[in-house]
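Protein chains in written order, with the working numbering: chain A, 7 to 275; chain B, 7 to 275; chain C, 7 to 275; chain D, 7 to 275.
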């Protein structure tokens with residue numbers, strides 16, 4: 007008998023209804039990155055064993071706003087853009103695993119379900135949010151990328167504003183920041199269906215871009231505000247010292263990752 | 007060292023940011039159910055082995071609209087209702103496993119992220135949708151439950167209307183329908199992070215309400231329209247013969263389920 | 007030649023596309039009202055001449071959350087509930103005009119365009135917002151109306167939370183509050199299309215319900231928080247002294263009002 | 007006594023809460039225009055006297071998708087982009103008034119309340135919609151403007167898809183189309199508050215851009231689908247013959263218009 011098909015749920019007779027196709031996934035997007043230092047203890051408390059804090063600049067945090075268009079290999083989503091466009095805000099720290107430095111997304115909010123689904127596969131701890139960031143434009147009042155250009159960015163969830171930033175670009179930059187510059191080390195976990203049954207899935211995985219292209223990066227400074235909320239802990243990563251802010255346009259392909267280890271989180275949920 | 011906490015992602019120092027708390031989960035809601043018969047082959051093609059079609063009335067389908075308020079044991083979500091209120095449309099068929107009849111949700115759309123997260127645990131194949139259903143009200147033009155009362159219900163996703171129904175109540179009913187009246191048999195699946203690696207999680211689980219209370223049910227008839235869409239297969243479950251429609255208010259507690267079997271779907275994704 | 011038709015824009019060959027039908031408009035809804043006293047000067051500064059503050063309790067304010075289903079005379083919107091359901095938060099004070107007391111809505115947020123359109127006709131100064139309020143329910147964790155029942159309510163706009171309340175009901179009440187209990191005195195204004203041209207429309211109008219029915223009211227107390235925002239002045243109406251809170255279900259018909267005076271605001275915009 | 011201030015509602019002590027500031031309004035945006043011919047009678051039936059059909063190509067229609075960032079003179083909205091970014095789909099025909107040709111927007115959907123408010127001033131018959139259009143991007147899978155580039159665009163309202171287009175660019179173009187190339191002739195109307203009282207505001211106004219800059223235009227062809235809906239008449243403007251499609255980036259300033267005539271629509275609403 008033919009079996010239901012589809013890379014992701016729901017699985018159906020044709021597979022067409024799958025919320026997302028199999029990788030590779032392709033992305034065009036603008037990244038606005040704000041890097042700063044917080045109390046290193048606030049970073050450490052987010053790192054489960056066997057991940058460890060990095061020795062160099064252990065309190066460095068990146069808050070990144072991204073404005074994406076994405077698709078699978080068929081690229082059909084690009085022509086029905088409600089299926090390709092989404093925005094996200096994500097918070098990245100660094101950690102060390104077996105002597106190697108990884109980036110790690112500790113918080114992330116997106117505004118589409120297909121992005122939630124991809125995040126489940128990639129180990130991003132996604133929630134829904136409302137995300138906005140200024141777009142560059144060659145005409146009218148919106149900024150042209152360059153010295154003095156200003157970009158605003160905001161994040162809200164559950165009808166509360168959680169973060170906002172205003173970035174002023176100052177000069178060309180070699181990079182778009184150093185905190186989100188390593189392969190990602192993420193957990194994929196799901197509790198067992200039986201109460202008290204521990205974890206049904208418990209993996210530490212690594213992944214990064216299969217290919218990456220980027221335009222000129224610009225560096226500047228940011229005003230960043232983080233707001234407390236009953237259901238969030240982002241504001242614990244308080245800003246102690248600004249580092250820099252960056253704006254850059256990128257093209258990315260993501261095509262799978264590597265299992266680092268499995269079943270080592272213990273049964274505690 | 008203290009470890010990050012939280013029943014669901016993200017896991018943090020206090021656990022407060024977890025998208026959902028551990029079960030039990032409590033629900034108050036209104037259910038509008040439309041039952042009909044489709045081609046039994048359209049049901050069968052949605053059932054992966056070892057699930058089998060039921061012998062009796064194998065083409066029966068239920069399309070259910072629900073208007074929920076839900077919370078964890080703390081009940082705090084009820085007082086910040088953006089965190090407790092959500093709506094969903096779900097499509098249920100029946101199947102047989104080891105000689106026992108189960109209900110199975112083959113499609114479901116919800117409008118909040120916490121509902122997506124619960125569905126991942128429970129094996130519901132949730133996507134995002136925009137869901138509306140008429141609410142009863144004791145004053146003004148909205149319907150009072152009873153003979154002749156009419157309720158409308160609609161579902162859209164990705165900016166396309168996928169289903170709509172108008173239900174007219176006729177008489178009191180012993181039940182709220184027979185298709186969604188069994189324990190649920192669901193799959194929980196996640197592809198491996200490594201390309202071609204098969205499934206990292208592959209479970210068949212069963213679950214049902216830990217407790218259930220319900221008000222008087224009303225039965226009537228429905229006009230039901232299902233619309234085709236490039237990313238959906240709901241319309242394949244075409245209406246061949248109406249059965250009945252039902253309206254009922256319920257209170258439900260969900261508190262975990264049972265693993266039926268694991269790792270038997272094969273490596274195909 | 008036949009002319010385009012429609013009570014509201016857009017006007018078309020059949021009139022079917024009109025955003026709203028002509029009155030009467032019918033409403034079923036739940037009202038959660040929080041009354042308190044602010045600095046009377048904060049109320050007075052919102053009253054344009056010839057409106058004057060009331061002598062008795064001039065600092066009284068009502069913040070009201072409403073969960074509506076509404077329709078025109080055809081009632082067709084009720085069966086396509088995306089067109090009938092909306093929520094709103096509105097802020098009411100009292101004023102005096104020619105010796106008579108009126109209620110006046112000074113701020114209001116709604117979540118549907120048809121509600122914006124009705125407000126333009128009725129003189130409500132509507133903006134878009136995200137509004138939530140706990141609904142009563144006979145089963146499960148949601149409250150049953152009665153002593154001790156608790157309702158939460160929130161308002162956000164432009165991704166910022168502007169107000170939130172938690173109301174605890176204590177006892178039956180004769181009324182649902184006194185601030186929003188008078189006919190409404192509202193302005194309808196539109197600047198001239200020519201720069202510096204003053205006002206093209208400048209009316210003071212009165213209106214009230216053409217008919218009104220209501221269920222038992224309950225009175226209790228509220229915790230109310232108002233939050234500042236760059237584009238709002240709601241928080242200027244700071245809470246000095248709580249009065250009471252009320253919950254009630256109502257049915258309302260609105261069917262036009264009365265022109266009190268026209269063209270007296272002066273040309274200042 | 008100081009009077010409440012604000013160019014638009016609500017009017018307050020400081021004027022800060024006004025939904026929109028006084029013009030001028032500044033815009034940066036991308037325009038995707040699809041021009042075609044329909045039955046000229048379908049255009050004529052949308053033109054109230056004294057507007058008349060144009061003699062040359064009277065069935066020409068433009069359906070335009072726009073992706074905007076906008077602000078007032080302070081430009082503060084650009085740094086809180088939830089207040090500056092919006093999208094719209096609008097439908098334009100041409101008409102003749104006193105021997106001069108005007109463009110006229112007959113249908114328009116937007117996704118923000120500040121855009122609704124501006125439209126009231128400018129005579130655009132705005133409703134709410136969900137609008138998406140592909141954005142150009144220099145990296146990754148999104149299109150680079152140029153020959154062969156493909157853009158998708160969709161419109162939905164009340165949870166129904168109303169229009170969709172796929173545009174393929176072919177060659178540079180002198181213009182971005184001819185249908186929306188004239189000053190706009192719009193009505194501003196509001197029924198009287200008293201039932202049967204005719205119109206309180208009834209103006210025919212003209213307006214156009216106070217300044218306009220644009221990048222290179224590209225011309226190509228479009229597949230355009232218009233879908234029927236119970237509350238819309240867009241699909242009456244059926245596609246008889248495609249003309250062309252255009253993509254262009256623009257900067258615009260709008261700063262008021264001219265009253266053509268007033269009170270000539272008759273009292274019929």
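Virtual Cβ for every residue (Gly too), placed ideally from N, Cα, C. Predicted, not measured: the structure shown is a model, and the values here were computed from it.
Sub-8 Å separation of residue i and residue j beta-carbons
i                      : j                      : result
residue 158 of chain D : residue 140 of chain D : yes
residue 232 of chain D : residue 244 of chain D : yes
residue 31 of chain D  : residue 151 of chain D : no
residue 98 of chain B  : residue 186 of chain B : yes
residue 176 of chain C : residue 153 of chain C : yes
residue 235 of chain A : residue 168 of chain A : yes
residue 240 of chain B : residue 130 of chain B : no
residue 123 of chain B : residue 26 of chain B  : yes
residue 52 of chain A  : residue 10 of chain B  : yes
residue 193 of chain C : residue 34 of chain B  : no
Chain C contact residues for residue i, given Cβ-Cβ distances below 7 Å
i                      : result
residue 262 of chain D : 199, 200, 201
residue 16 of chain D  : 112, 113, 131
Cα-Cα separation between residue i and residue j, rounded to whole angstroms
i                      : j                      : result
residue 163 of chain C : residue 160 of chain D : 26 Å
residue 92 of chain C  : residue 77 of chain C  : 11 Å
residue 70 of chain C  : residue 214 of chain C : 16 Å
residue 197 of chain C : residue 47 of chain C  : 27 Å
residue 101 of chain C : residue 58 of chain C  : 6 Å
residue 28 of chain D  : residue 195 of chain D : 20 Å
residue 275 of chain D : residue 202 of chain D : Residue confidence is low: residue 275 of chain D scores 47 on pLDDT, short of 50, so the model does not pin down where it sits. Its coordinate-derived value is still stated next. The alpha-carbon atoms of residue 275 of chain D and residue 202 of chain D are separated by roughly 9 Å.
residue 118 of chain D : residue 66 of chain B  : 43 Å
residue 8 of chain A   : residue 271 of chain B : 13 Å
residue 261 of chain B : residue 208 of chain B : 21 Å
Cross-chain neighbours of residue i in chain B, by beta carbon under 7 Å
i                      : result
residue 134 of chain A : 119
residue 88 of chain C  : 138, 160
residue 178 of chain A : Neighbours of residue 178 of chain A on chain B: none; closest Cβ ~35 Å, over 7 Å.
Other residues of its chain near residue i: CB distance less than 6 Å, five sequence neighbours each side excluded
i                      : result
residue 16 of chain A  : 23
residue 217 of chain D : 259
residue 41 of chain C  : 68, 183, 185, 249, 250
residue 84 of chain D  : 77, 90
residue 242 of chain D : 48
Chain-order list of residues whose beta-carbon lies under 8 Å from that of residue i (same chain, five-residue window excluded)
i                      : result
residue 220 of chain D : 182, 254, 255, 256, 257
residue 227 of chain C : 173, 174, 176, 248, 250, 251
Contact set between residue i and chain D, taken where Cβ atoms lie within less than 8 Å
i                      : result
residue 172 of chain A : 85
residue 102 of chain C : Within 8 Å Cβ-Cβ: nothing; residue 102 of chain C doesn't reach chain D, min ~14 Å.
Buried or exposed by the 16-neighbour rule on C-beta atoms within 10 Å, applied to residue i
i                      : result
residue 264 of chain B : exposed
residue 73 of chain D  : buried
residue 110 of chain D : buried
residue 55 of chain B  : exposed
residue 178 of chain C : exposed
residue 133 of chain B : buried
residue 61 of chain A  : exposed
residue 95 of chain A  : buried
residue 104 of chain B : exposed
residue 64 of chain D  : buried
residue 222 of chain A : exposed
Neighbourhood of residue i by C-beta, 7 Å cutoff - its chain only, sequence neighbours within 5 removed
i                      : result
residue 12 of chain B  : 18, 21, 23, 24
residue 212 of chain D : 108, 189, 190, 191, 263, 264, 266
residue 237 of chain D : 164
residue 268 of chain A : 208, 209
Proximal chain D residues relative to residue i, where beta-carbon distance stays under 7 Å
i                      : result
residue 165 of chain B : 136, 160, 162, 167
Chain-ordered chain A contacts of residue i [CB-CB under 7 Å]
i                    : result
residue 9 of chain B : 54, 55
Proximal chain B residues relative to residue i, where beta-carbon distance stays under 8 Å
i                     : result
residue 29 of chain A : 201
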